[in-house]
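Down below is the structure, laid out as structure tokens.
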Amino acid sequence: MHYTPHTDADVAEMLGALKLDEPADLFAHLPPQLLLDRPLKLHQGMAELDLVSWIDETASHNRSELICFAGGGFYDHYLPPVVRTLTMRPEFVTSYTPYQPEVSQGVLQALFEFQSMVCAITGMEVANASLYDGASAGVEAVNVAVGATGRNVIWISRGVSPRTREAIETFSRARSLELIEHPLVGGRTAWDVAAAGPPAGVITAQPNYLGVIEQYDPVVDMAHGLGALAIAQIDPIMMGMLRRPGEAGFDVVFGEGQPLGNPLSFGGPVVGLFATTKKEVRRIPGRLIGKTVDGSGRTAYSMTLRAREQDIRREKASSNICTNQSLNAIAAAWQMAWLGPQGLAEIADRSVQKAHYLARKLAQLKGVALAVEAPFGREFPVMLPLEPVDVVKAMADHGFLAGIPLPADYPEFPGGLLVAVTEKRTKRQLDEYADALEEVLKNG
Amino acid sequence: MAEAGGRASSSPLLGGGEEPTLAQLSQVGRRASSTVALDVPRRQLDLPELAPPPPNLPEVSEHDLVMHVNRLAHRNYAADLGAYPLGSCTMKYNPKVCDYAAEHGGFKNLHPAAPAELTRGALEVLWEAESVLCEVTGMARATFQPPAGAAGELTGLLIMRAYHESQGRLRTKVLIPDAAHGTNPASVTLSGLVAVVVPSNERGMVDLEALRSVLDEDVAGLMLTNPNTLGIFEEEISEIARIVHQAGGLLYYDGANLNALLGVVRPGDMGFDIVHSNLHKTFATPHGGGGPGAGPVAVTEELARFLPGPVPVRRKDGMLEWEVPSASIGRLHGYHGNFLVVLRALTYMKALGGDGLRLTGERAVLNARYLAALVADILPAAFEAPCMHEFVATAAHFKKEYGVRAMDLAKGLLDTGFHAPTMYFPLIVEEALMFEPTETQTKQTLEALAAAIKELAVLAASNPEALHEAPIKTPVGRPDEAACARNLELQWVR
């Protein structure tokens, strides 16, 4: 199968117009020793029906039906059909970056509305039109802090997602930045004000990776006292319940936006959220959509502050981003609009209440204890008497994706399993999860 | 006589009025969502940092939301509406069977932290996509972590850097032709290296003498697009590779233009060591209004140990497992990159097979060459060499004779029912217009596009003012971008 529409007559006429005899002549000016002298070693093309069978068959090798208690930034929330239907409109799906604003007002306005709603949930003054994911948004937050202060030390909480910290480490190595990690004590970040510095930025997480709700004011006061940017990684759903970081004085807020309207997607494509203050607007990475007027005074949207971007500033650009995650940002926009203020507050509430119900049930099981005492939201770590990796495998036989084993990222929690709960989990599922875990532990 | 399928002038862009924002449609007390009742006993929780009331999101009905979004969609051009000859962007048709794959619950409901034994199908997809990509590019191993082309560049540059460090040397200079994509130098800076520009010669190719003069022991490597951004094949590539390698540097292939070479020439055979591909260009995944894309990076056997981790490896029992390469540069993405985009691309690759991929490359070049010939007397190519999958024309003579700029012609084209070409790129061509028709447009569409360009040429001579005012049939005219940047309005005011 292929998607070229040429008839034999078309090809003959086109080659004739070009005074060529055969298609291979199109490449006659290339050095002959470079031309591939054999067919690609690939299978024959497939008919569409065979392709669909292959897709179904391969998909069946995944245990996607497991009831999901894994989180770590990616959560199994309810995705209403209306959001998917609207997002999958071909005008959004099959358009390019809106370089021609006159015929791109749909995408531009959608992204403007996304920016507005990200500002609403974070309490920040400016949001960009999305980044790749939460981890790469963390890298860009570091980049902004370094640019704003001219310093090369970053303080980061061990409660920031391990995947995000790894991405920041990769970038820090390249840029010779010093990354100083501050430990979790009792589940909360214990900032060491005497650590090497002064830092360009201080990065906390709300809630942190263990699900614990951190306190804002001490970290903001400390960062600003040191002349550093206060930076927070957020869970957007929890913003339906918690104080907005912008109101607490943070300078940069970033996060994994998947829980807003995007399926789990095996981690991608999802959407990185990035918001900051007006003061740092010229350091923002990626696309920004602004509102303006056309020659007739009609409202028109356009990409703006383009002079920051790579196609204009080249090696002096504030980031290298060209393609980002527009469609995932658009999905997030429609999800936020569908939820509205009450809906976002309600799913945060349901998720937290159900998480606490499950936590209490699990803590009553023999050999199981909550790993931290600090107050948590919709996610919490438990300590198990068996290897968590083995427990996850065994729980799959009961129909559950039990959570994320902690030891690989947090060896200080041997036996730790991170469990997340969303509004989708029913009481029955929570009870059955607890029963299944009891049985798994009993069978050792 | 067949009509042109790619002309979208019948598209009913309704009304011409303004579309209110969701904030303007908002009415306190209205809502679209319903939330499940709490089925566990409610407990009073003593949590810090609680902050009622909830965020100031708009309050709209589901029907209002649906009408709003569909009206916005009506105000947007798309590859599914008409021809999109935007050079360097490869706006080909995105087959819908690939949507079926990406929307399959067996893939899209998969949590990224689930262990390999529960996600076998996903690992098989990544493994097979890697093997196809490596065969097409002539490389040994690949990573799918980079979520876009620019992220692929950064990945490749970090690998380049790590390679030199492993040889006990710190090389800092990366050579980049003056016609390169802006992402190239921006990625170099981001990776902590220094971009050095190499000029093009009078044939629009890398100037070999200039290249020789900047090659020294501080050169980490050369980044090159081939066909280059002028749509011209760098015929001296073997010599370029030889002298860069001789100086101890590596060759990085920017895969933005790989569509031209599918099954014809492989970057690995040209001497490249690191190759990124844009799945959202060459392998037909939709651009989504600016993303998601995917920019996998393939490397030679020698460089495989530097790839970002983890990558799938096949165990002795045949099962796939994750493994971090021994000298990995680290993580570039939270998990495995834009996985569903990779799945779409693999679906496309399997649909086409080896023969279909070759045919795709061939017809992409045929279409560009044909369109270039049809408009050559109006918009001459900037350089004489035969074009590959795209061509760069100059409108300098329109500016000189009629005061009509490349942008005016591009905007004028919108009024004829076609998307505009890429304007003012590459920077080395005066009043550049870059056309990339792709292989999925018909001969009739190319002829209609050429006819529309001819009409614009007539209009430029008779009534240049009309082109300065174009477009007039679109939902809005040219936005005042200067005012936009001066009075920044980046979110709605409520």
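One line per chain: the protein sequences are A and B, in this order. Take 51 as the starting number for the first sequence in my numbering and just add one per residue. Take 146 as the starting number for the second sequence in my numbering and just add one per residue. Cβ atoms here follow ideal geometry from the backbone N, Cα and C, with glycine treated the same way.
Original post:
Grouping DSSP H, G and I as helix and E and B as strand, with all else coil, what is residue 515 of chain B?
Top reply: Taking the first residue of the second sequence as 1, we reach residue 515 of chain B at position 370. Correct three-state label for residue 515 of chain B: helix.
**OP:** Confirm, please, whether the CB-CB distance from residue 290 of chain A to residue 199 of chain B is below 8 Å.
**Re:** As a working mapping, residue 199 of chain B is identified with position 54 in the second sequence. As a working mapping, residue 290 of chain A is identified with position 240 in the first sequence. Taking 8 Å as the Cβ cut-off, residue 199 of chain B and residue 290 of chain A qualify as a contacting pair.
Subject >> Simplified DSSP state of residue 193 of chain A, which is helix, strand or coil >> reply: The residue given as residue 193 of chain A occupies position 143 in the first sequence. DSSP places residue 193 of chain A in helix when its eight states are reduced to three.
**OP:** Please state whether DSSP places residue 620 of chain B in a helix, a strand or coil.
**Re:** For the purposes of this step, residue 620 of chain B is identified with residue 475 of the second sequence, where counting begins at 1. Reduced to three states, the DSSP call for residue 620 of chain B is coil.
**OP:** Measure from the alpha carbon of residue 398 of chain B to the alpha carbon of each residue in B:496, B:283, B:504, B:313, then state which is nearest.
**Re:** Your numbering for residue 398 of chain B matches position 253 in the second sequence. Minimum Cα distance to residue 398 of chain B is reached at B:283.
Original post:
Excluding five sequence neighbours on each side, which residues of the same chain lie with their C-beta closer than 8 Å to the C-beta of residue 164 of chain B?
Top reply: Walking along the second sequence from the start, residue 164 of chain B turns up at place 19. Excluding positions up to five away in sequence, the list reads 213, 216, 217, 220.
**OP:** Output the distance between the C-alpha atoms of residue 580 of chain B and residue 416 of chain B, rounded to the nearest integer angstrom.
**Re:** As a position in the second sequence, residue 580 of chain B is number 435, starting the count at 1. As a position in the second sequence, residue 416 of chain B is number 271, starting the count at 1. Straight-line Cα distance between these residues: approximately 28 Å.
Original post:
When Cβ atoms are compared, which residues of the segment 487 to 501 of chain B fall closer than 7 Å to chain A?
Top reply: Close to chain A, meaning a Cβ-Cβ distance shorter than 7 Å, are the following residues of the segment 487 to 501 of chain B: 492, 495, 496, 497, 498, 499, 500, 501.
Subject >> One or two residues paired with residue 302 of chain A in a DSSP bridge >> reply: Working through the first sequence from its first residue, we reach residue 302 of chain A at position 252. Beta-bridge pairing links residue 302 of chain A to A:281, A:326.
**OP:** Taking all protein chains shown into account, decide if residue 661 of chain B is buried (16 or more other Cβ within 10 angstroms of its Cβ) or exposed.
**Re:** For chain B, the structure presents residues 146 to 639; residue 661 of chain B sits outside this window and is missing.
**OP:** Compute the Euclidean distance between the alpha carbons of residue 463 of chain A and residue 447 of chain B, then round it to the nearest angstrom.
**Re:** Here residue 463 of chain A corresponds to residue number 413 of the first sequence, with the count starting at 1. Here residue 447 of chain B corresponds to residue number 302 of the second sequence, with the count starting at 1. Cα-Cα distance, rounded: 38 Å.
**OP:** Taking only runs that begin and end inside the segment 587 to 621 of chain B, name each unbroken alpha helix (DSSP H) of 4 or more residues, in chain order.
**Re:** 588 to 607, 609 to 614, all fully within the segment 587 to 621 of chain B.
Original post:
Among residues of its own chain, excluding the 5 on either side of residue 118 of chain A, which ones have a beta-carbon nearer than 6 Å to its beta-carbon?
Top reply: Here residue 118 of chain A refers to the residue found at position 68 of the first sequence. Cβ neighbours of residue 118 of chain A beyond the five flanking positions: 126, 451.
Subject >> Of the residues B:364, B:574, B:532, the one placed nearest residue 68 of chain A, counting alpha carbons only >> reply: Numbered from its first residue, the first sequence carries residue 68 of chain A at position 18. Here the closest residue by C-alpha is B:532.
Original post:
Taking Cβ positions, are residue 428 of chain A and residue 446 of chain A nearer each other than 8 Å?
Top reply: Translated into the one-based positions of the first sequence, residue 428 of chain A becomes position 378. Translated into the one-based positions of the first sequence, residue 446 of chain A becomes position 396. Not closer than 8 Å, so no.
**OP:** Rank B:223, B:182, B:243 by C-alpha distance to the C-alpha of residue 235 of chain B and give the top, closest one.
**Re:** On the second sequence, residue 235 of chain B is found 90 positions in, with the first residue counted as 1. Nearest of B:223, B:182, B:243 to residue 235 of chain B, Cα basis: B:223.
Original post:
For chain A, is any of its Cβ atoms less than 8 Å away from the one on residue 467 of chain B?
Top reply: The residue labelled residue 467 of chain B in the question sits at position 322 within the second sequence. So no, residue 467 of chain B is outside the interface.
Original post:
Considering only C-alpha positions, which residue in the set B:291, B:452, B:379 is nearest to residue 423 of chain B?
Top reply: To locate residue 423 of chain B, count along the second sequence from 1; it is residue 278. Checking every option, the nearest Cα to that of residue 423 of chain B belongs to B:291.
Original post:
Mind checking whether residue 295 of chain A and residue 172 of chain A have CB atoms under 8 Å apart?
Top reply: Taking the first residue of the first sequence as position 1, residue 295 of chain A is located at position 245. Taking the first residue of the first sequence as position 1, residue 172 of chain A is located at position 122. In this structure, residue 172 of chain A lies closer than 8 Å to residue 295 of chain A by Cβ.
Subject >> Contact list for residue 401 of chain A against chain B, beta-carbon separation under 9 Å >> reply: Working through the first sequence from its first residue, we reach residue 401 of chain A at position 351. Residues of chain B passing the Cβ test: none, with the nearest at roughly 10 Å.
Original post:
Could you check where the alpha helix (DSSP H) with residue 557 of chain B kicks off and where it finishes?
Top reply: In the second sequence, residue 557 of chain B corresponds to position 412, counting from 1. Taken as a continuous stretch (DSSP letters only), the alpha helix (DSSP H) holding residue 557 of chain B covers 551 to 560.
Subject >> Residues from the segment 587 to 608 of chain B in contact with chain A, defined by Cβ distance under 8 Å >> reply: Hits within the stretch, in order: 587, 588.
Original post:
What is the rounded straight-line gap between the Cα of residue 362 of chain A and the Cα of residue 165 of chain A?
Top reply: Indexing the first sequence from 1 puts residue 362 of chain A at position 312. Indexing the first sequence from 1 puts residue 165 of chain A at position 115. Looking at the backbone, the Cα of residue 362 of chain A and that of residue 165 of chain A are separated by about 23 Å.
Original post:
At least one CB of chain B closer than 8 Å to the CB of residue 461 of chain A: is that the case?
Top reply: Position 411 of the first sequence holds residue 461 of chain A. No, residue 461 of chain A does not count as interfacial toward chain B.
Original post:
Is the number of C-beta pairs between the segment 362 to 379 of chain A and the segment 142 to 152 of chain A that are closer than 8 Å three or more?
Top reply: yes
Original post:
Could one say the Cβ of residue 655 of chain B lies closer than 8 Å to chain A's Cβ atoms, at least one of them?
Top reply: The structure shown does not extend to residue 655 of chain B, since chain B spans only 146 to 639, so no value can be given for it.
**OP:** Sort out for me which residues DSSP pairs residue 399 of chain B with in a bridge.
**Re:** In the second sequence, counting from the first residue as 1, residue 399 of chain B sits at position 254. The partner list for residue 399 of chain B (beta bridge, DSSP) reads B:370, B:421.
Subject >> Element boundaries [beta strand (DSSP E), containing residue 206 of chain A] >> reply: As a position in the first sequence, residue 206 of chain A is number 156, starting the count at 1. For residue 206 of chain A, the enclosing beta strand (DSSP E) starts and ends at 203 to 207.
Subject >> Collapsed DSSP secondary structure at residue 416 of chain A in the structure displayed >> reply: Here residue 416 of chain A refers to the residue found at position 366 when the first sequence is read from its first residue. Residue 416 of chain A: coil per DSSP, three-state reduction.
**OP:** Could you list which residues in chain B have their beta carbon closer than 7 Å to that of residue 247 of chain A, in chain order?
**Re:** Along the first sequence, read from residue 1 onward, the residue named residue 247 of chain A stands at position 197. Residues of chain B whose Cβ lies closer than 7 Å to the Cβ of residue 247 of chain A do not exist, since the nearest Cβ in that chain is about 21 Å away.
Subject >> Nearest candidate by alpha-carbon position, reference residue 304 of chain A, set A:454, A:180, A:438 >> reply: As a working mapping, residue 304 of chain A is identified with position 254 in the first sequence. Measuring from the Cα of residue 304 of chain A, the nearest candidate turns out to be A:180.
Original post:
Per DSSP, residue 468 of chain A is paired with what?
Top reply: Reading the first sequence from its first residue, position 418 is the one you call residue 468 of chain A. For residue 468 of chain A, which the question treats as bridged, DSSP gives the partners A:431, A:454.
**OP:** Spell out whether any CB of chain B is found under 8 Å from the CB atom of residue 146 of chain A.
**Re:** What you label residue 146 of chain A is simply residue 96 of the first sequence in a count that begins at 1. At least one chain B Cβ lies under 8 Å of residue 146 of chain A.
**OP:** May I have the straight-line CA-CA distance separating residue 711 of chain B from residue 460 of chain B, to the nearest angstrom?
**Re:** There is no way to answer for residue 711 of chain B, as the model of chain B reaches only from 146 to 639.
Original post:
Below 8 Å, can you find three or more Cβ-Cβ pairs linking the segment 547 to 555 of chain B to the segment 496 to 511 of chain B?
Top reply: no
Subject >> Cut-off 8 Å between Cβ atoms - residues of its own chain near residue 466 of chain A, not counting five sequence neighbours on either side >> reply: In the first sequence, counting from the first residue as 1, residue 466 of chain A sits at position 416. Around residue 466 of chain A, the same chain offers 421, 431, 432, 433, 434, 438, 455, 456, 457, 460 as residues with beta carbons nearer than 8 Å, after the five sequence neighbours per side are excluded.
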